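*Asks:* Submitted below is the structure of interest, expressed as structure tokens.
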Amino acid sequence: MSSANTHPVWYLNTPKPGRLALTPCPGTKTVSLVDSLKQLSNNGAGAVISLTTAAELAEKNLTQLPELVTALGMRWLHLPVHEDEVPDLVCEDKWQANQVAMLTQLAHGKDVVIHCITGSGRTGLIAYRLLRALGVEPQQAREQIKAVRPNAFTLPEQDDYIKRLG
Numbered sequence: 001m002s003s004a005n006t007h008p009v010w011y012l013n014t015p016k017p018g019r020l021a022l023t024p025c026p027g028t029k030t031v032s033l034v035d036s037l038k039q040l041s042n043n044g045a046g047a048v049i050s051l052t053t054a055a056e057l058a059e060k061n062l063t064q065l066p067e068l069v070t071a072l073g074m075r076w077l078h079l080p081v082h083e084d085e086v087p088d089l090v091c092e093d094k095w096q097a098n099q100v101a102m103l104t105q106l107a108h109g110k111d112v113v114i115h116c117i118t119g120s121g122r123t124g125l126i127a128y129r130l131l132r133a134l135g136v137e138p139q140q141a142r143e144q145i146k147a148v149r150p151n152a153f154t155l156p157e158q159d160d161y162i163k164r165l166g
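Read in UniProt numbering, the sequence shown has 76 at position 76, and its numbers run on one by one without any break.
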């Protein structure tokens, strides 16, 4: 995981060379936003998927997050999902338009960072989608995520969502 001087991140291996990096929102723990993003970039991140809403980013004074991500050479994908909810149709459409790009990052050995505020609920949903897209069986994908983020899929709506995905 991490020490007090690093941003917390939990890595999941995938069938591709790149890993999934599940994490709370950069800049919300003991490490600054810039240092959190540099750590992720230096550890191999090629893309950042943010599931936070614009209101959450503003509340945490993190509105500069997209610009900093791209300034560090990582791809930015914003899929806002409200806390304790599942992706809506707009988010689903945006995901479909960008899924191949995220899978390509993994195929090229780049890590894909996924975050919401806490790095569990919403983060787990997209981690599950990526693992399934890579051919990981549903139960194995669920277990892999729960092993590092035990609070993933604890809400009935989120558990139902991944069950519907298969």
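Glycine included, every Cβ here is placed at the ideal spot set by N, Cα and C. Only a predicted model underlies this, so the values are computations on that prediction, with no experimental measurement involved.
1. Measuring only the C-alpha atoms, how far is D88 from S50?
2. Exposed or buried, Q64, counting other C-beta atoms within 10 Å across all chains shown (16 or more means buried)?
3. Would you kindly work out how many angstroms separate the C-alpha atoms of L131 and P15, rounded to a whole number?
4. Tell me the start and end of each unbroken alpha helix (DSSP H) in the segment 40-121 that is at least 4 residues and wholly inside, in chain order.
5. For the candidate residues Y128, L134, V81, G166, whose alpha-carbon lies nearest to that of L22?
6. Please check the pair K38 and L72, which I expect to be a contact at CB under 8 angstroms, by giving their CB distance rounded to whole angstroms.
*Replies:* Inspection of the coordinates gives the following:
1. 15 angstroms
2. exposed
3. 8 angstroms
4. 54-59, 65-71, 89-107
5. Y128
6. 7 angstroms
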